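Those letters in the sequence shown? Residues 142 to 276, per my numbering, in order.
Every residue gets a Cβ at the ideal spot worked out from N, C-alpha and C, and that includes glycine.
From a predicted model like this one, the values you see are computed outputs, not experimental measurements.
All remarks here apply to the structure that follows.
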Amino acid sequence: MKRLAVIAFLLTAGFAQAQEQGQIIRSIYFGGGSWYIDEYQIKELYHFIDSLPGSMSYSISIHSHTDNIGGVEFNQMLSEYRSQAALRVLLQKGYPEESIEIRDFGLHNPVFDNSTHEGRLKNRRVDIIFWPQVL
């Protein structure tokens, strides 16, 4: 039951936000083995983007991550599927593809501890990093 509560929290929250040195990071969390971004998450991301001042004057990096469940090849593929799902959402919002960089980390470079259930949940994500452009 605790596991379901944590998963429900991450999926309903859907996003995390942080700022560091002018960059703005928005994260989308996924269930295990999933790359699906639901309508709620898309609406939340669009709302977030619309709240950015000069939202189209950013370059964007998509960094996709997985937990350590499954093999290296599977997690690399899953990471690529997640970044492509995020890319589609950003393209639908009107961002030009040439302003978006993708880095697929797979199970490498985890930010959270994969030896814990909570850490694995937090590592199943795509970070969308908005970098302000100097005009």
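- G260 and F253 have their alpha carbons spaced roughly 5 Å apart.
- With distances taken between CA atoms, I165 lies nearest to S192 out of G211, Y181, S192 and Q225.
- Straight-line measurement puts the Cα of Y187 at about 33 Å from the Cα of G212.
- From the listed residues I169, S175 and P273, the smallest Cα separation to Y181 is found for I169.
- In the assembly as shown, T257 is an exposed residue. Its beta-carbon has fewer than 16 other beta-carbons within 10 Å.
- Taking all protein chains shown into account, K184 has fewer than 16 neighbouring C-beta atoms within 10 Å of its C-beta and is therefore exposed.
- Judged by beta-carbon spacing, S220 lies beyond the 8 Å limit of G195, meaning their Cβ atoms are not closer than that value.
- Beta bridge pairing from DSSP links Y181 with no other residue.
- The three-state secondary structure of H188, taken from DSSP, is helix.
- H206 carries a strand assignment under DSSP once its states are collapsed to helix, strand and coil.
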